[in-house]
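Peer 1: The numbering used here applies: residue 1244 is where the sequence shown begins, and numbers increase by one. Here a beta-carbon is modelled for each residue, glycine too, at the ideal position from N, C-alpha and C.
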Amino acid sequence: TLQRMLPAFSSCCEDLVSRWRTSLGSKGSCELDVWPELKNLTGDVISRTAFSSSHLEGRKIFQLQEEQAERLITNIRGLLIPGYLSLPTKNNRRMHQINKEIESILKNLVGKRIQAMKQGESTKDDLLSLLLESNMRQTDEHGRSSLGMTIEDVIEECKLFYFAGMETTSVLLTWTMILLSMHPEWQDRAREEIMGLFGRNKPEYEGLSRLKTV
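Have a look at this one:
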């Protein structure tokens, strides 16, 4: 599965590096806040690996999920009060609206993908296709849809994929960059290893397992 998703990882990273090179300008250096950049990177990777050609709609989900997380943090104290999220406050109303928007986008994506699969169109190498293929096999083999996931289950899995994957990965990448800036000798070791294994070529899946420092 990871091997099939490697092109999406590579494409997102190339876009990021290209933007950073443009930011360097004629001076060859610049000050850059990497935290939002890496959050956008992980969101883009998740969008592409979860929804493939529909990744632009996936980015919209990423933006909505990010706003939802910020509003949830704002409400953190209120969560100690039973039923607080049901109160018609401005923040709560917006959170409910965001949730409906996310579910509407996901339901539309899932519906279109199911229709395409039923018509025999080739499946995509993404999370959504993997979930739906597995679900259809469970239903077809046993003749009972109760063994498969409902549309609501698939939607919840996609939402969890965003929430769990984006924040943790972007934090890890940011901390890694901080440590590398504090220990430039490890930058040199990592760079030498990558250049020795891949040179100027795109990284291949088979070669990743041979990376020791990285």
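1. Buried or exposed for R1337, going by 16 or more other Cβ atoms inside 10 Å?
2. State the CB to CB distance for the pair A1293 and L1370, rounded to an integer number of angstroms; the pair is presumed to be in contact (CB under 8 Å).
3. To which residues of the same chain is C1255 closer than 7 Å at the C-beta, ignoring the five residues directly before and after it?
4. State the CB to CB distance for the pair T1417 and L1267, rounded to an integer number of angstroms; the pair is presumed to be in contact (CB under 8 Å).
5. Going along the chain, which residues of its own chain have a beta-carbon closer than 7 Å to the beta-carbon of H1426, five neighbours each way excluded?
6. My guess is that R1356 and S1372 are in contact by the Cβ rule of under 8 Å, so how many angstroms apart are they, rounded?
7. Anyone know if the C-beta pair for I1345 and I1304 falls short of 8 Å?
8. Here's a check: name, in chain order, each residue in its chain whose Cβ is nearer than 7 Å to the Cβ of G1321, leaving out the five neighbours to either side.
9. Does E1313 have its Cβ less than 8 Å from a Cβ in chain D?
10. Rounded to a whole number of angstroms, what is the C-alpha to C-alpha distance between R1443 and E1435?
11. Cα separation between V1457 and C1273?
12. Are the beta-carbon atoms belonging to K1350 and I1394 less than 8 Å from one another?
13. Could you check what DSSP says for I1357 in three-state terms: helix, strand or coil?
14. Sorted by chain position, which residues of the same chain lie with C-beta nearer than 7 Å to T1412's C-beta, five sequence neighbours on each side aside?
15. If I measure Cβ to Cβ from L1454 and keep anything under 8 Å in the same chain, skipping five residues before and after, which residues do I get?
16. Using CA atoms only, rank isn't needed, just tell me which of R1264, P1325, K1402 and L1315 is closest to K1333.
17. Which first and last residues belong to the alpha helix (DSSP H) in which G1450 is found?
Peer 2: On the basis of the supplied data:
1. With fewer than 16 other Cβ atoms within 10 Å, it is exposed.
2. Sure, about 4 Å apart at Cβ, within 8 Å.
3. Close CB contacts of C1255 within its chain, under the 7 Å cut and outside five residues either way in sequence, are with L1284, D1287, V1288 and R1291 (chain order).
4. Between L1267 and T1417 the Cβ distance is about 20 Å, and since that is not below 8 Å, they are no contact.
5. Cβ within range, chain order: n/a, list empty.
6. Contact between R1356 and S1372 holds: CB atoms are separated by about 7 Å, below the 8 Å threshold.
7. Using a Cβ distance threshold of 8 Å, I1345 and I1304 count as a contacting pair.
8. Excluding residues within five positions, the ones whose Cβ falls inside 7 Å are Y1327.
9. Of the protein chains in this structure there is only one, and it is not chain D.
10. Their Cα atoms are separated by approximately 12 Å.
11. Distance from the CA atom of V1457 to the CA atom of C1273, rounded to whole angstroms, is 25 Å.
12. With respect to I1394, K1350 sits close: the two C-beta atoms are nearer than 8 Å.
13. If DSSP states are grouped into helix, strand and coil, I1357 belongs with the helices.
14. Hits under 7 Å: T1285.
15. Close CB contacts of L1454 within its chain, under the 8 Å cut and outside five residues either way in sequence, are with E1436, I1437 and L1440 (chain order).
16. Comparing Cα positions, the closest option is L1315.
17. DSSP places G1450 in the uninterrupted alpha helix (DSSP H) bounded by Y1448 to L1451.
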